[in-house]
Amino acid sequence: MIQTISILPGVTLRCFRDDRFKQNSLSLQFVRPMQKDEVAMNALLPAVLLRGCQSAPDLRAITLRLDDLYGGAVGAQVRRVGDYQTTGLSCSFMKDQFALSEDQIFAPMLAFLQELMFHPLLVDGAFSKEYVESEKRNLISAIAAQRNDKRAYAGAQMIRRMCKNDSFGIPRLGEIEDVEAITAEGLYAHYQKVLRESPVHIFYVGQRQPEEIAQLLKPAFASLDRNPILLPEQTGYHISDPSDEEEVMDVAQGKLSMGLYTPITLRDAAFVPMQIFNTLFGGGMTCKLFMTIREQMSLCYDISSSYHGSKGIVTVAAGIDHDKAALVRQEIIRQLQACQQGDFTEEELRSAKEALLSQLRSTHDSPGAIEGYYATAALSGLPLSPEDYMERVEKTTAQQVADAAKTLQLHTVYFVRGEG
Amino acid sequence: MEKIFYPEVGETLWREKLPCGLEVQVLPRPGFTKKLCYFVTDYGAIHREFTMDGVSYNAPAGVAHYLEHKLFDMPGRDITGEFAALGAIPNAFTSYDMTAYYFSCTENFTQNLRLLLEFVTTPYFTPESVAKEQGIIDQEIGMNEDNPDNRLFELLVQTMYREHPIRTPILGTRQSIAQITPEVLSACHRAFYRPENMILCVVGDVEPEEVAAIAQQMLSDAPHPEVTYLRSWQEPVQTEQKLVSERMEVSMPMFQLAFKSEPVGRGEDAVRRELVADLAAEALFGESSQLYLQMYDDGLIDASFGGGFETIEGMAMLIASGDSRRPEAVRDAVLREAARIAEEGIEESDFLRMKRSALGRRIRGLDSFESTCFRICAYYFAKYDYFRLPALYRQIGREDIRQFLQQTVTQDSLCLAVIYPNEEETI
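Okay, structure coming up:
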């Protein structure tokens, strides 16, 4: 279903042709290694690009152009994919057929996206200081605001400790002091480096021909002085010293976060059993953690686990009463051990498989899910199409799930406790 | 079934009012594997006073949400597990003015549909299970108390409104939910889960006639109780207290600035007023407005800023929210800009562009099963047909926008709520 075209060396276009949607979606991603010294710049870059280009030099001019294109949307896209970080822009916009009279949207929108990406507003040969400073403030606020969501905060603190020796421990938006240190000149130099050396991944969902899109995008890349680098291969989890900490905050509900690791990543054959384990353990509505700790024991409002397949990390998060932490931790471990010993019913296994299958079957039902699956698979090294993936899920046995669970080791715990 | 084609949005909707009173609407989506099904009642957290067969009830706050949780219980069965075994993900939510139960699936659609209709129409409440739920909802209330956005909205509406039940949180309070008994839940279920008070809506590649047939078969034609419920409140448009604030563990001051407006009611005029208000919000402080750029450049607001027109049964308000170190300066700038637009009006070309943009975003939104299904239901209760919106946009003129801002965005009707960081907190 995916057509891949190499527009130029290091510039890959992937297209999912589909006429069921009322819109077109396109994302333009520059791929970087996830590194502490540039993560904040990669996070900041698209925000600055979206402040103004030469033909639309401020926010209002940009919005007016987009409004003219029937409310087309352009957004910053910054993602962590294993050891890589992507930075770039994405857009979605209505199909021409719904426009009034003969208005065109497709070609003008792609042209505008390229103006934003390649022709930013420049002042004295660099980005506008005003825009850079203002977007730095936004990014700093966003980093600081992560404290507002205490569940996410506890999770971030846990990962920071568990991944001291791994790129996964680098915060996605960088640290406040990294952002503060960025200058308009420095960011512009970084931007030029990104344009010159980064592999580019473009993803399109819609009814247009791949060749048509390649033709519209090629001139911009051809005019750049490109020398694409080879990215290092993706790696699994790099271990560090374990930790077990508590922080006291003014909160009504305690937030518990636990981190476990496994050698199994999405590049391994045991990935699918591991994913099924996670769904059965803490990923779905009928999972063990939810059914026992919330439904049977009423110890928490929410509890869930996630498997980060690009790294081989499983995290557990729970919102609990302050004095129940020891009890909840003990029960989480007990449920893990049950999975490791194959102590789950045929029905639990079936439910977990069905939940995964249902999610995979509907991958092709939304432009966002399509882009999310294929663009991430290409970068993270997941060798399975949704169809192959589903076939593996069907074939996985209870023993394989238990074997995958056995590889998990508890590593780090972080608990945000209330003062009361 | 009636089949209606809407060429402007490229959609075909099937609909039927069943003999039992239930409205069924199906939007077929050939070529998609996902099926989404909503079963919704025109009943939410604010509907607490009602009469049923001549008897008056005044239910404790939080009962609609409590009922939503408890309906998943069936004697000796695990409903979520049964859905899961059929590959479906069931869920539910309670808002101020509606309660929705839904599932999405890719296979076993008709079995899942039967299960949904069955569990929502089968009340089963035991004293033990009702008591146990209190612990879970207590935790949910605790989680909300830690959520600054949530707390801010509560602060705002408690300050702005005197009579409207939006003053009480959807979940209720720890005290109010302690008063909920199996009897209270049963009475509310009988009163509000009558088929004529509900809609069943499906989006996906399904057979519309089959959906209607299953619903007709599963739901009882037996006579239902006579129910009337309180749906409007005497509420002045003026606000008494204009400013309210609190401290919490947040990184930066957060604000919500609102202007009280007349409730819109139901029907075409109501929906038209909503669209006018949305466009007015866009003209006043949307991303394409002069004010937005000015405030952004002055550092008064950041990317977290946004707003629009909120309508809940019996109330409506224009609201803007975001993070700002100077929320009072944002308030003053919004008032000044509204006065300027009320004076000068907006350019015809700007107005047409705004309408084009709003229409384009609505059409793109149809790609989302969730938002489309939700809107079909919400607009059904508002007594308007969602897919006729493009025609309604054509009727709106720029003078409507000017008038709306002149009437609504005034010192008389405003309230500003702020949550400041705890004092010892530094960034």
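Just so you know, the protein sequences line up as chains E and X, in that order.
Here the first sequence is numbered in this note's numbering, starting from 195 and rising by one per residue.
Here the second sequence is numbered in this note's numbering, starting from 1022 and rising by one per residue.
Cβ atoms here follow ideal geometry from the backbone N, Cα and C, with glycine treated the same way.
Since the model is a prediction, treat every value here as computed from it, not as a measurement.
query                                                                                                                                                                                : result
Would you check if there are 3 or more beta carbon pairs closer than 8 Å linking the segment 1223 to 1235 of chain X to the segment 1056 to 1072 of chain X?                         : yes
Please classify Gln223(E): is it buried, with 16 or more other beta-carbons within 10 angstroms of its beta-carbon, or exposed?                                                      : buried
Got a sec: is the Cβ-Cβ distance from Lys1153(X) to anything in chain E below 9 Å?                                                                                                   : yes
Looking only at its own chain, which residues have a Cβ that is under 6 Å from the Cβ of Gly246(E), when we skip the five neighbours before and after it?                            : Asp252 and Leu315
Closer than 8 Å is the cut-off here; do at least three beta carbon pairs connect the segment 598 to 611 of chain E with the segment 449 to 456 of chain E?                           : yes
Rounding to the nearest angstrom, what Cα-Cα distance links Ile334(E) and Ser1345(X) in this structure?                                                                              : 13 Å
For the beta strand (DSSP E) containing Glu613(E), list its first residue and its last residue.                                                                                      : Run containing Glu613(E): none; DSSP gives neither H nor E here.
Which residues in the same chain have their Cβ closer than 6 Å to the Cβ of Trp1254(X), if we skip the five residues on either side of it in sequence?                               : Glu1184, His1185 and Gly1335
Please confirm if Pro1190(X) has its CB atom under 9 Å from at least one CB of chain A.                                                                                              : In the displayed structure, chain A is absent; the protein chains listed are E and X.
Using the C-alpha atoms, what's the distance from Arg1377(X) back to Asp262(E)?                                                                                                      : 7 Å
Closer than 9 Å, CB to CB, is Leu283(E) near chain X or not?                                                                                                                         : no
What are the boundary residues of the alpha helix (DSSP H) that Phe1280(X) is part of?                                                                                               : Not the alpha helix (DSSP H): Phe1280(X) falls in the beta strand (DSSP E), residues Met1275 to Ser1282.
Is DSSP giving His1185(X) helix, strand or coil here?                                                                                                                                : coil
Return no unless some Cβ of chain X is closer than 9 Å to the Cβ of Gln271(E).                                                                                                       : no
Excluding five sequence neighbours on each side, which residues of the same chain lie with their C-beta closer than 6 Å to the C-beta of Pro1442(X)?                                 : Val1271
To be precise: take each residue of the segment 1082 to 1111 of chain X, compare its Cβ to all Cβ atoms of chain E, and keep it if any distance is under 9 Å. Which residues remain? : Asp1099, Thr1101, Gly1102, Phe1104, Ala1105, Ala1106, Leu1107, Gly1108, Ala1109, Ile1110 and Pro1111
Taking only runs that begin and end inside the segment 1106 to 1160 of chain X, name each unbroken beta strand (DSSP E) of 3 or more residues, in chain order.                       : 1110 to 1115 and 1120 to 1126
So, for Gln351(E): in the same chain, excluding its five sequence neighbours on each side, which residues have a beta-carbon less than 6 Å away from its beta-carbon?                : Tyr608
Candidates Glu1175(X), Ile1158(X), Ile1422(X) and Ala1337(X): which alpha carbon is nearest Leu1373(X)'s?                                                                            : Ile1422(X)
Residues of the segment 204 to 226 of chain E with a CB closer than 8 Å to any CB of chain X: list them in chain order, please.                                                      : Arg214, Phe215, Lys216 and Gln217
With a cut-off of 9 Å, does the C-beta of Tyr567(E) fall near any C-beta of chain X?                                                                                                 : no
Determine the direct distance from the alpha carbon of Pro1203(X) to that of Asn236(E), and round the result to whole angstroms.                                                     : 56 Å
Helix, strand or coil, according to DSSP, for Arg1347(X) in the structure here?                                                                                                      : coil
Strictly under 9 Å for the Cβ-Cβ distance: is Pro1180(X) near chain E by that measure?                                                                                               : The identity of residue 1180(X) in the sequence shown is Thr, whereas the question assumes Pro. Taking Cβ atoms only, chain E never reaches closer than 9 Å to Thr1180(X), which makes this a no.
Per DSSP, which one or two residues make a beta bridge with Phe1330(X)?                                                                                                              : Leu1339(X)
Please determine, among Tyr1400(X), Ile1384(X), Ala1379(X) and Val1355(X), the residue with the shortest C-alpha to C-alpha distance to Thr1431(X).                                  : Val1355(X)
Run down chain X in chain order and give the residues with a C-beta less than 8 Å from the C-beta of Ser335(E).                                                                      : Ser1272, Met1273, Asp1323, Ser1325 and Asp1344
Are the CB atoms of Arg208(E) and His432(E) nearer to each other than 9 Å?                                                                                                           : no
9 Å is my cut-off, CB to CB: does Leu495(E) come that close to chain X?                                                                                                              : Here residue 495(E) is Tyr; the residue named in the question, Leu, does not match the sequence. Yes, because at least one Cβ of chain X sits closer than 9 Å to the Cβ of Tyr495(E).
When the distance is taken between beta carbons, is Ser328(E) closer than 9 Å to Asp1318(X)?                                                                                         : yes
DSSP three-state label for Pro1442(X), please.                                                                                                                                       : strand
Within 9 Å (strictly less), CB to CB, does Gly1320(X) reach chain E?                                                                                                                 : yes
Distance check for Gln1311(X) and Ile1367(X), CA to CA, integer angstroms please.                                                                                                    : 11 Å
Would you list, in chain order, the members of the segment 1111 to 1136 of chain X that have their beta-carbon closer than 7 Å to a beta-carbon of chain E?                          : Cys1126 and Thr1127
Examine chain X for any beta-carbon lying closer than 9 Å to the beta-carbon of Leu239(E), and answer yes or no.                                                                     : no
I need the boundaries of the alpha helix (DSSP H) containing Met1239(X), first residue and last residue.                                                                             : Pro1229 to Met1239
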